[in-house]
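Participant:
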Amino acid sequence: VFLANGVSPVSADGFAPFDVAATTEVLDFYKKISKASPPGELFWKQSREMYFAGQAAMIIWSPFILDELAGLRDSAPPTINDDPT
Numbered sequence: 007v008f009l010a011n012g013v014s015p016v017s018a019d020g021f022a023p024f025d026v027a028a029t030t031e032v033l034d035f036y037k038k039i040s041k042a043s044p045p046g047e048l049f050w051k052q053s054r055e056m057y058f059a060g061q062a063a064m065i066i067w068s069p070f071i072l073d074e075l076a077g078l079r080d081s082a083p084p085t086i087n088d089d090p091t
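Numbering (the numbering used here), first residue to last: 7 to 91.
1) Helix, strand or coil, according to DSSP, for Val16 in the structure here?
2) Thinking C-alpha only, which one of Trp67, Gln61, Ala10, Ala62 is nearest Phe35?
3) In terms of alpha-carbon separation, which member of Glu31, Ala42, Phe21 lies closest to Val7?
4) Thinking C-alpha only, which one of Ala63, Ser14, Lys51 is nearest Ala22?
5) If you draw a straight line from the alpha carbon of Trp50 to that of Leu33, how long is it in whole angstroms?
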């Protein structure tokens, strides 16, 4: 979310301090979208299922699942098994 909004902790020269105003804006945005999220902890599998079921408009997750979400990897579903539920 930070990078998508132009906030980065690194620059070409190395460490770059956060722009306070831009960082605050990103955090305020993230707080707003988190209020629209389902309650509790969601792992990749639940996030994916809710997205495909039309119960989530977007997912903030690893880019690993993006190809499948876009229909580009139907033959290679995620094999991550870190879901404790």
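In this text, a Cβ means the ideal position worked out from N, Cα and C, and glycines have one as well.
Facilitator: Reading it off the structure:
1) strand
2) Ala10
3) Glu31
4) Ser14
5) 22 Å
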